[in-house]
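Peer 1:
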Amino acid sequence: MKKKTIYEIKGLYRDSFRITGFEFGKGKKSLCIVGSMRGNEVQQLYCCSQLVKKFKQLEEEGRISEGIKILIIPCCNPYSMNTQKRFWTIDNTDINRMFPGYDLGETTQRIADGIFSQIKDYEYGIQFTSFYMPGDFIPHVRLMDEGYSDVVTALKFGLPYVVKRTVRPYDTATLNYNWQVWNTKAYSLYTSTTSRIDKKSAGQAVLSILRFCKSLGFVKYQENGDHPSKVISDKELISVRTAKSGIFEPLVKVGDSVEEGTPLAEIINPYDGLVMETLYAPKNGTLFFMHSDPITYAETGVIKMI
Amino acid sequence: MIKTVAEVALPVDEVLRIKKRRIMPDGSDDASKRISIVTGIHGDELEGQYVCFELARRIEENKKCLKGIVDIYPAMNPLGIDSITRGIPAFDLDMNRIFPGNSEGNMTELLAANILKDVAGSDVVLDIHASNIYLTEIPQIRINRLHKEELIPLAEHCNVDFVWVHEASTVLESTFAYSLNSTGTPCLVVEMGVGMRITKEYGDQLVDGIFSLMHSLGMWIGKTKTPRKSIVSENVEDVCFLNAAAGGLFIPDVKHWEKLKRRDRIGRIIDPLSGQVLQNVESPVDGILFTIREYPIVDEGSLIGRLLKKEVMAV
Numbered sequence: 001m002k003k004k005t006i007y008e009i010k011g012l013y014r015d016s017f018r019i020t021g022f023e024f025g026k027g028k029k030s031l032c033i034v035g036s037m038r039g040n041e042v043q044q045l046y047c048c049s050q051l052v053k054k055f056k057q058l059e060e061e062g063r064i065s066e067g068i069k070i071l072i073i074p075c076c077n078p079y080s081m082n083t084q085k086r087f088w089t090i091d092n093t094d095i096n097r098m099f100p101g102y103d104l105g106e107t108t109q110r111i112a113d114g115i116f117s118q119i120k121d122y123e124y125g126i127q128f129t130s131f132y133m134p135g136d137f138i139p140h141v142r143l144m145d146e147g148y149s150d151v152v153t154a155l156k157f158g159l160p161y162v163v164k165r166t167v168r169p170y171d172t173a174t175l176n177y178n179w180q181v182w183n184t185k186a187y188s189l190y191t192s193t194t195s196r197i198d199k200k201s202a203g204q205a206v207l208s209i210l211r212f213c214k215s216l217g218f219v220k221y222q223e224n225g226d227h228p229s230k231v232i233s234d235k236e237l238i239s240v241r242t243a244k245s246g247i248f249e250p251l252v253k254v255g256d257s258v259e260e261g262t263p264l265a266e267i268i269n270p271y272d273g274l275v276m277e278t279l280y281a282p283k284n285g286t287l288f289f290m291h292s293d294p295i296t297y298a299e300t301g302v303i304k305m306i
Numbered sequence: 307m308i309k310t311v312a313e314v315a316l317p318v319d320e321v322l323r324i325k326k327r328r329i330m331p332d333g334s335d336d337a338s339k340r341i342s343i344v345t346g347i348h349g350d351e352l353e354g355q356y357v358c359f360e361l362a363r364r365i366e367e368n369k370k371c372l373k374g375i376v377d378i379y380p381a382m383n384p385l386g387i388d389s390i391t392r393g394i395p396a397f398d399l400d401m402n403r404i405f406p407g408n409s410e411g412n413m414t415e416l417l418a419a420n421i422l423k424d425v426a427g428s429d430v431v432l433d434i435h436a437s438n439i440y441l442t443e444i445p446q447i448r449i450n451r452l453h454k455e456e457l458i459p460l461a462e463h464c465n466v467d468f469v470w471v472h473e474a475s476t477v478l479e480s481t482f483a484y485s486l487n488s489t490g491t492p493c494l495v496v497e498m499g500v501g502m503r504i505t506k507e508y509g510d511q512l513v514d515g516i517f518s519l520m521h522s523l524g525m526w527i528g529k530t531k532t533p534r535k536s537i538v539s540e541n542v543e544d545v546c547f548l549n550a551a552a553g554g555l556f557i558p559d560v561k562h563w564e565k566l567k568r569r570d571r572i573g574r575i576i577d578p579l580s581g582q583v584l585q586n587v588e589s590p591v592d593g594i595l596f597t598i599r600e601y602p603i604v605d606e607g608s609l610i611g612r613l614l615k616k617e618v619m620a621v
């Protein structure tokens with residue numbers, strides 16, 4: 001394992017802002033894994049820490065294939081993590097809206113450039129990322145529907161779902177989109193949580209990446225069983241929306257299979273405790289996403305079902 | 307007449323309402339034209355607040371001169387304005403990245419869709435911004451290159467110092483202005499002053515410009531001031547960006563909208579702990595400073611200012 005500084009800038013009163021990477025194996029730039037880019041992406045950081053531990057072991061045991069280099073960057077934004085802010089500390093900009101970056105631009109553009117210049121030549125790229133709304137997901141892999149990445153490769157993760165996502169204007173400034181512009185097959189990995197650690201889904205993510213690496217011949221790794229994935233489009237997800245604002249009380253959890261008409265959640269009046277609204281399953285299906293804040297707003301898609 | 311254009315109930319005993327004031331000519335049905343003044347999409351930008359007040363005040367003073375409809379939307383993001391938050395609080399979303407919205411979407415998209423529906427069809431819209439809390443801007447109008455033919459003639463009435471035609475960008479397709487311009491409602495984006503503050507002088511300047519614009523559209527027959535001749539920049543190379551070479555405290559030496567010669571010192575980046583000067587920020591060209599850093603703390607890369615090259619000023 002080789003620890004290296006990917007990018008560094010000096011702070012005025014803080015320690016230098018450093019992005020640290022961990023390299024395993026020698027040879028072709030085969031796989032790059034990127035963890036947290038926002039200050040609240042603790043689960044994403046944790047997943048990478050577990051991967052660093054695992055790849056260190058694999059390297060020591062000689063199980064990383066000849067001519068393969070794997071880079072893991074657990075955290076692209078230590079400054080925000082240490083101040084518990086989601087975005088950049090001074091100006092609140094999002095590094096994941098600054099790619100491919102610009103070395104003479106503003107701070108987060110420079111950071112994005114500093115990261116991208118080090119990782120753009122990898123054959124495969126995996127980013128642990130998070131949704132803009134607080135909530136829990138079924139672990140899945142996402143890819144953009146009009147990019148360089150392909151579904152067949154996404155199936156190699158063996159996660160329960162592969163989600164094809166429609167490209168939106170803001171996507172053009174994300175790492176995933178720009179990786180693909182530079183001919184890296186890029187995939188975003190969503191585990192269950194963001195700001196709290198869920199060891200089970202982190203373990204599932206670590207295993208899925210080992211499976212992916214084994215399938216591509218990057219590592220020697222023993223694994224048993226089939227891991228079929230279902231491919232869906234984000235347009236197929238059924239959104240269950242609130243009509244009322246209030247206290248959100250889930251009645252089911254992510255991953256549950258429910259029948260049409262099953263009560264999924266209640267919106268409670270914050271003053272008298274009365275149920276203002278009950279959200280029901282519109283069809284038979286599986287709970288894919290569930291809002292996790294105790295308060296919700298009206299007209300909000302708090303549950304997504306498959 | 308004050309009307310609610312979008313509303314949604316919040317979780318605890320509050321309704322979020324986005325309101326507009328409509329000013330109509332007294333006792334006249336001659337109101338075929340409509341101008342919309344929109345501000346407060348970013349909750350930390352307040353310069354447009356004064357413009358809304360002063361415009362309405364001056365119209366009411368000479369109401370007989372009004373020959374069209376004036377719609378004033380002072381607070382597109384009321385929760386942001388109340389909490390000094392640029393985006394929409396709780397959602398951590400930039401409201402100017404969710405247009406055209408979606409009437410079937412979530413709360414923020416629904417609000418955006420309703421606002422856009424109400425504003426659409428205006429003869430002209432001004433979307434007034436105030437830079438951010440880090441930079442001060444000279445009164446200027448920014449125009450996407452895709453819509454310049456239609457918008458530059460309108461902008462030239464607005465009494466701003468500078469009209470900046472910028473490149474098209476996919477990311478900007480989610481803005482309020484782009485959504486209107488791409489569907490046939492002309493929208494001018496004004497940037498002036500600085501976040502969290504009111505620069506009355508700039509506000510008065512823009513209000514003069516709005517009357518001039520209304521006059522050109524036949525909506526105002528009262529006296530107007532001849533708008534100042536705006537510098538129009540259409541080329542990427544007209545503008546120089548100055549970024550900090552080191553993190554520190556920026557101490558400016560020059561004033562905003564000051565003419566500079568190449569190598570004139572704009573300011574210093576200093577380290578109060580060591581007492582060292584980390585960077586002498588110098589002008590790379592002869593030109594005029596139309597953006598200058600307001601918030602003193604800078605990181606490496608933070609924008610210190612923008613200069614318009616001398617050659618463009620002479621045009």
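Chains as they are written, first to last, in the working numbering: chain A, 1 to 306; chain B, 307 to 621.
The C-beta atom is built at its ideal place from N, Cα and C for all residues, glycine as well.
Do you know how far the Cα of K535 (chain B) is from the Cα of G346 (chain B)?
Peer 2: Stepping through the second sequence from its first residue, residue 346 (chain B) is reached at position 40. Stepping through the second sequence from its first residue, residue 535 (chain B) is reached at position 229. Going by the C-alpha atoms only, they are around 27 Å apart.
Peer 1: Using the Cα positions of K253 (chain A) and E277 (chain A), report the straight-line distance between them to the nearest angstrom.
Peer 2: Here the question's residue 253 (chain A) lines up with position 253 in the first sequence. Here the question's residue 277 (chain A) lines up with position 277 in the first sequence. So the two alpha carbons sit approximately 18 Å from each other.
Peer 1: With DSSP collapsed to three states, give me the class of K29 (chain A).
Peer 2: By 1-based counting over the first sequence, the position of residue 29 (chain A) is 29. The answer is strand: DSSP assigns K29 (chain A) an E or B state.
Peer 1: For L143 (chain A), tell me which candidate among A:A281, A:G261, A:A186 has the shortest Cα-Cα distance.
Peer 2: What you label residue 143 (chain A) is simply residue 143 of the first sequence in a count that begins at 1. Comparing Cα-Cα distances from L143 (chain A) to each of A:A281, A:G261, A:A186, the minimum goes to A:A186.
Peer 1: CA-CA distance, P270 (chain A) and P317 (chain B)?
Peer 2: For this step, residue 270 (chain A) is matched to residue 270 along the first sequence. For this step, residue 317 (chain B) is matched to residue 11 along the second sequence. Distance between the alpha carbons of P270 (chain A) and P317 (chain B) is about 7 Å.
Peer 1: Under a CB-based cut-off of 8 Å, is K10 (chain A) close to chain B?
Peer 2: The count along the first sequence starts at 1 and reaches residue 10 (chain A) at position 10. Interface residue, yes.
Peer 1: When you compare each of A:G39, A:I64, A:Q127 to Q84 (chain A) by their alpha carbons, which one comes out closest?
Peer 2: As a position in the first sequence, residue 84 (chain A) is number 84, starting the count at 1. Ranking the options by Cα distance to Q84 (chain A), first place goes to A:G39.
Peer 1: Give the DSSP-derived three-state secondary structure of D121 (chain A) in the structure shown.
Peer 2: Indexing the first sequence from 1 puts residue 121 (chain A) at position 121. D121 (chain A) falls in the coil class under three-state DSSP.
Peer 1: Let's see if you can read the secondary structure: which residues bound the alpha helix (DSSP H) around Q50 (chain A)?
Peer 2: For the purposes of this step, residue 50 (chain A) is identified with residue 50 of the first sequence, where counting begins at 1. 42-60 is the extent of the alpha helix (DSSP H) around Q50 (chain A).
Peer 1: Out of A:M305, A:I295, A:I306, A:E299, state which residue places its alpha-carbon closest to the alpha-carbon of P134 (chain A).
Peer 2: Counting from one through the first sequence, the residue named residue 134 (chain A) turns up at place 134. Ranking the options by Cα distance to P134 (chain A), first place goes to A:I295.
Peer 1: Taking the alpha-carbon of G501 (chain B) as reference, which of B:R599, B:S580, B:K309 has the nearest alpha-carbon?
Peer 2: Here residue 501 (chain B) corresponds to residue number 195 of the second sequence, with the count starting at 1. Closest option to G501 (chain B), Cα to Cα, is B:R599.
Peer 1: If you follow the alpha helix (DSSP H) that W470 (chain B) is in, where does it begin and where does it stop?
Peer 2: Stepping through the second sequence from its first residue, residue 470 (chain B) is reached at position 164. Unbroken run through W470 (chain B) is the beta strand (DSSP E), 468-472; no alpha helix (DSSP H).
Peer 1: Run down chain A in chain order and give the residues with a C-beta less than 8 Å from the C-beta of V477 (chain B).
Peer 2: Taking the second sequence and counting its residues from 1, the one referred to as residue 477 (chain B) is at position 171. Within 8 Å Cβ-Cβ: R97, P169, Y170, T172, A173.
Peer 1: Classify F55 (chain A): buried if its beta carbon has 16 or more other beta carbons within 10 angstroms, exposed otherwise.
Peer 2: Translated into the one-based positions of the first sequence, residue 55 (chain A) becomes position 55. Looking at its Cβ environment, which holds 16 or more other Cβ atoms inside 10 Å, F55 (chain A) is buried.
Peer 1: Threshold first: 4 residues or longer. Then list the alpha helix (DSSP H) segments lying entirely within the stretch 123-159 of chain A, N to C.
Peer 2: Segments of the alpha helix (DSSP H) lying fully in the stretch 123-159 of chain A: 151-154.
Peer 1: List the residues of chain A that E606 (chain B) touches, going by C-beta distances under 8 Å, in chain order.
Peer 2: Taking the second sequence and counting its residues from 1, the one referred to as residue 606 (chain B) is at position 300. Neighbours of E606 (chain B) on chain A, chain order: I9, K10, T107, R110.
Peer 1: Going by the CB atoms, is the gap between F24 (chain A) and E59 (chain A) shorter than 8 Å?
Peer 2: Along the first sequence, one-based indexing puts residue 59 (chain A) at 59. Along the first sequence, one-based indexing puts residue 24 (chain A) at 24. Yes, these two residues count as a Cβ contact at 8 Å.
Peer 1: Could you spell out where the alpha helix (DSSP H) holding M520 (chain B) opens and where it closes?
Peer 2: Here residue 520 (chain B) refers to the residue found at position 214 of the second sequence. Segment 506-522, the alpha helix (DSSP H) holding M520 (chain B).
Peer 1: Leaving out five residues on either side along the sequence, give the residues of the same chain with a beta carbon under 7 Å from the beta carbon of V618 (chain B).
Peer 2: Here the question's residue 618 (chain B) lines up with position 312 in the second sequence. Hits under 7 Å: I537, S539, D544.
Peer 1: Smallest Cα separation from H348 (chain B): which of B:M330, B:V376, B:D377, B:S389?
Peer 2: Residue 348 (chain B) sits at position 42 when you count from the first residue of the second sequence. When only C-alpha atoms are compared, the closest one is B:S389.
Peer 1: How many whole angstroms separate the CB atoms of L432 (chain B) and T414 (chain B), which I take to be in contact at a CB cut-off of 8 Å?
Peer 2: Stepping through the second sequence from its first residue, residue 432 (chain B) is reached at position 126. Stepping through the second sequence from its first residue, residue 414 (chain B) is reached at position 108. Rounded, the Cβ-Cβ distance is 23 Å, inconsistent with contact.
Peer 1: Determine the chain B residues that contact G301 (chain A) at a beta-carbon separation under 7 Å, and present them in chain order.
Peer 2: What you label residue 301 (chain A) is simply residue 301 of the first sequence in a count that begins at 1. Ordered by position in chain B, the residues that pass the 7 Å Cβ test against G301 (chain A) are N412.
Peer 1: In this structure, does DSSP put T174 (chain A) in helix, strand or coil?
Peer 2: As a position in the first sequence, residue 174 (chain A) is number 174, starting the count at 1. Coil at T174 (chain A), not helix or strand.
Peer 1: Determine, using beta carbons only, whether V542 (chain B) comes closer than 8 Å to chain A.
Peer 2: Counting from 1 along the second sequence, the entry for residue 542 (chain B) is found at position 236. Chain A contact via Cβ: absent.
Peer 1: Can you tell which of A:K200, A:K214, A:L210, A:F157 has its C-alpha closest to the C-alpha of S188 (chain A)?
Peer 2: As a first step, residue 188 (chain A) must be located in the first sequence, where it is residue number 188. Out of A:K200, A:K214, A:L210, A:F157, A:F157 has the C-alpha closest to the C-alpha of S188 (chain A).
Peer 1: What whole-angstrom Cβ distance do A550 (chain B) and G499 (chain B) have, given they're in contact under 8 Å?
Peer 2: In the second sequence, counting from the first residue as 1, residue 550 (chain B) sits at position 244. In the second sequence, counting from the first residue as 1, residue 499 (chain B) sits at position 193. Incorrect: roughly 22 Å between the Cβ atoms, too far for contact.
Peer 1: Could you tell me the boundaries of the beta strand (DSSP E) in which K2 (chain A) lies?
Peer 2: Position 2 of the first sequence, counted from the first residue, corresponds to residue 2 (chain A). Taken as a continuous stretch (DSSP letters only), the beta strand (DSSP E) holding K2 (chain A) covers 2-9.
Peer 1: Could you tell me if V206 (chain A) is buried or exposed, where buried requires 16 or more neighbouring beta carbons within 10 angstroms of its beta carbon?
Peer 2: For the purposes of this step, residue 206 (chain A) is identified with residue 206 of the first sequence, where counting begins at 1. Classification for V206 (chain A): buried.
Peer 1: Apply the 10 Å Cβ neighbour rule to N368 (chain B) and answer buried if 16 or more other Cβ atoms are within range, or exposed otherwise.
Peer 2: Reading the second sequence from its first residue, position 62 is the one you call residue 368 (chain B). Exposed.
Peer 1: Touching or not, the stretch 110-126 of chain A and the stretch 5-23 of chain A, by the rule of three or more beta carbon pairs under 8 Å?
Peer 2: The stretch 110-126 of chain A vs the stretch 5-23 of chain A: in contact.
Peer 1: Starting from D626 (chain B), trace the beta strand (DSSP E) in both directions and tell me its first and last residue.
Peer 2: Residue 626 (chain B) is absent from the model: chain B starts at 307 and stops at 621.
Peer 1: Nearest CA to the CA of R571 (chain B): which residue from B:N450, B:Q585, B:S409?
Peer 2: What you label residue 571 (chain B) is simply residue 265 of the second sequence in a count that begins at 1. With distances taken between Cα atoms, R571 (chain B) lies closest to B:Q585.
Peer 1: Using 8 Å as the cut-off, can you tell me whether the stretch 233-248 of chain A makes contact with the stretch 287-306 of chain A, which would need three or more C-beta pairs spanning the two stretches below that distance?
Peer 2: Flag = yes, the stretch 233-248 of chain A and the stretch 287-306 of chain A touch.
Peer 1: Mind listing which residues of the stretch 314-333 of chain B have their C-beta closer than 8 Å to chain A's C-betas, in chain order?
Peer 2: Result list: V314, A315, L316, P317, V318, D319.
Peer 1: I'd like to confirm the pairing. Which residues does DSSP put opposite L566 (chain B) in its beta bridges?
Peer 2: Here residue 566 (chain B) corresponds to residue number 260 of the second sequence, with the count starting at 1. B:G593, per the DSSP bridge assignment.
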